[in-house]
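Worksheet for the structure shown next.
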Amino acid sequence: MKARSTWLPLCWSFCLLSCSSQQSVQSNEIVIEGNISHIPDGKIYLIGGYSHERLDSTACRSGHFRFVLKADSAFVPRVVSVQYKDSLEARKERRMFMFKDYKLVSFRNYTRGADSLKYSTSTFMLEKGHTKLVGDAEVFGQVRVFAGPETTVMYSLQMQDFGWLGNTTGTTRTAKLNFFKRKIKDNPFSYYLLDGIYNNKEEFSEQELREMVGLFQPAVQQSGNGRKMVQYLANRIDTNQAYPDFTLADPAGQQKRVFNPQANVTMLVFWASWCGPCRKEIPQLKALYQQYAHRGLQLVSISVDKKAADWQQALGQEQMRWSQGIVEENQLDVIKQRFNFSAIPCVVFIDKDRREIRRFTGYSEANPTHYRALLAKELASK
1 MKARSTWLPL CWSFCLLSCS SQQSVQSNEI VIEGNISHIP DGKIYLIGGY
51 SHERLDSTAC RSGHFRFVLK ADSAFVPRVV SVQYKDSLEA RKERRMFMFK
101 DYKLVSFRNY TRGADSLKYS TSTFMLEKGH TKLVGDAEVF GQVRVFAGPE
151 TTVMYSLQMQ DFGWLGNTTG TTRTAKLNFF KRKIKDNPFS YYLLDGIYNN
201 KEEFSEQELR EMVGLFQPAV QQSGNGRKMV QYLANRIDTN QAYPDFTLAD
251 PAGQQKRVFN PQANVTMLVF WASWCGPCRK EIPQLKALYQ QYAHRGLQLV
301 SISVDKKAAD WQQALGQEQM RWSQGIVEEN QLDVIKQRFN FSAIPCVVFI
351 DKDRREIRRF TGYSEANPTH YRALLAKELA SK
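Residue numbers (full-length UniProt numbering): 1 to 382.
This is how it looks when you write it as structure tokens:
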């Protein structure tokens, strides 16, 4: 009976909302209508789900509110949240889904069945048409989203990091890649899926990217990220191509070439002073450099800091004895495309012919084991 008493008010609220909102929604309109109890009267905001910038605001009265937005020809679905200013007492009690004294409405993941409450989230997809938000803000995860197919796709992939391969290899990598392809084939309309592939584009080969992008509907392929993908593929260097040599400013401000022709293996480490995982990795790099520098390993740390002063300060603190360089801001996009990365730390191993051997993205305590195995193989006869 307890489960029924929770569900019936939600269904009843949805019926009331459906009956009270029979206004037709135009094809270029986005309507988000809410009937959520325990939201205080006042302003309620529609914000970007990741950036938290405010997209729109409207009045909330007795839990009822309505956003109406016009979608122009460039509109694509995006991740959004709804926030409001809670009472001071409530803010002290509730920390979950809070952002700068504003509470984010939490939604249960309706795609998870009996486990829906375990996968509560503060986001849904902004889509054309009529989206309804119904439930009780006082009860965690009791607000239900009635939205379009993009939200269903996003919720079905919650906590699965769609598009992220990580440092997987062999059958594990193949299985993840096949899963991505199946998901796109089942949902070729999904801009959310394209974003997942684009945000992790450096983890795929050119052939893999072209194949996955080709599975999307033409409108999705021609969207902003679809066009960016085409430009990215035109500029990036794949693993079977040699990287061109280039210069970077060293700590003294002198332009120095990156690749040493005498090195048997070059290890490029892309990092930044503000990147916690990058700084955490430095002791691992020190141990690796001490072990392999005399066997032909060239280690080069390349900073993507926007402020050289921050980089110089970090160098003074970390005392790294190997080659150091910084990418000038006007060259940052070119370097990211050439070396095919968007997240740091990113470690790229390159052979004597300047061809990529393997790369690692992100910090892991297990990474040194993988690094040593690779170097033991590549430097076996050195």
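In this text, a Cβ means the ideal position worked out from N, Cα and C, and glycines have one as well.
### Query
Along the chain, where does the alpha helix (DSSP H) that runs through Val304 open and close?
Going by DSSP, Val304 is part of no alpha helix (DSSP H) at all; its letter is neither H nor E.
### Query
From Leu375 to Trp164, what distance separates their C-alpha atoms?
Those two C-alpha atoms are separated by around 25 Å.
### Query
Would DSSP call Met267 helix, strand or coil?
DSSP, read as helix, strand or coil, puts Met267 in strand.
### Query
Between the segment 37-50 and the segment 73-89, are three or more C-beta pairs nearer than 8 Å?
Output reads yes: the segment 73-89 touches the segment 37-50.
### Message
Taking DSSP's pairing of strands, which residues face Ala59 in a bridge?
### Response
According to DSSP, Ala59 bridges with Lys43.
### Task
Figure out for me which residue from Gly196, Leu104, Glu138 has the closest Cα to the Cα of Thr123.
The shortest Cα separation from Thr123 among Gly196, Leu104, Glu138 belongs to Leu104.
### Query
In whole angstroms, what separates the C-alpha of Asn199 from that of Pro368?
Pairing Asn199 with Pro368, the inter-Cα distance amounts to about 26 Å.
### Query
Mind checking Thr174: buried by the 16 CB within 10 Å criterion, or exposed?
Under this definition Thr174 is an exposed residue.
### Task
Can you say whether Lys201 is buried or exposed, counting buried as having 16 or more other CB atoms within 10 angstroms of its CB?
Label assigned to Lys201: buried.
### Task
Pull up the distance between the alpha-carbon of Thr58 and that of Asn28, whole angstroms please.
Near 19 Å, if we compare the C-alpha coordinates of Asn28 and Thr58.
### Closest residue to Gly362 among Gly166, Arg321, Gln331 (Cα-Cα distance)
Ranking Gly166, Arg321, Gln331 by Cα distance to Gly362 puts Gly166 first.
### Query
If you draw a straight line from the C-alpha of Ser342 to the C-alpha of Lys336, how long is it?
If you take the alpha carbons of Ser342 and Lys336, they lie about 6 Å apart.
### Task
Please state whether DSSP places Phe204 in a helix, a strand or coil.
The answer is coil: DSSP assigns Phe204 none of H, G, I, E or B.
### Cβ contact (3+ pairs, closer than 8 Å) linking the segment 32-41 and the segment 63-70
Yes, since at least three Cβ pairs between the segment 32-41 and the segment 63-70 fall closer than 8 Å, the two stretches touch.
### Query
Buried or exposed: which applies to Met212, given that a residue is buried once 16 or more other Cβ atoms fall within 10 Å of its Cβ?
The residue in question, Met212, is buried, as its Cβ has 16 or more Cβ neighbours within 10 Å.
### Message
At the level of alpha carbons, what is the spacing between Asp250 and Ser323?
### Response
Spanning the alpha carbons of Asp250 and Ser323 requires a straight line of approximately 8 Å.
### Task
Identify whether residue 401 lies in helix, strand or coil by the three-state DSSP scheme.
In this structure the chain extends from 1 to 382, so residue 401 is not present and cannot be described.
#### Entry: Segment contact, 8 Å Cβ cut-off, at least three pairs: the segment 145-153 with the segment 180-190
Taking a cut-off of 8 Å for Cβ pairs, the segment 145-153 and the segment 180-190 touch, as three or more such pairs fall below it.
### Query
For the beta strand (DSSP E) that contains Ser74, what are its first and last residues?
The amino acid occupying residue 74 in the given sequence is Ala; Ser does not appear at that position. Run containing Ala74: none; DSSP gives neither H nor E here.
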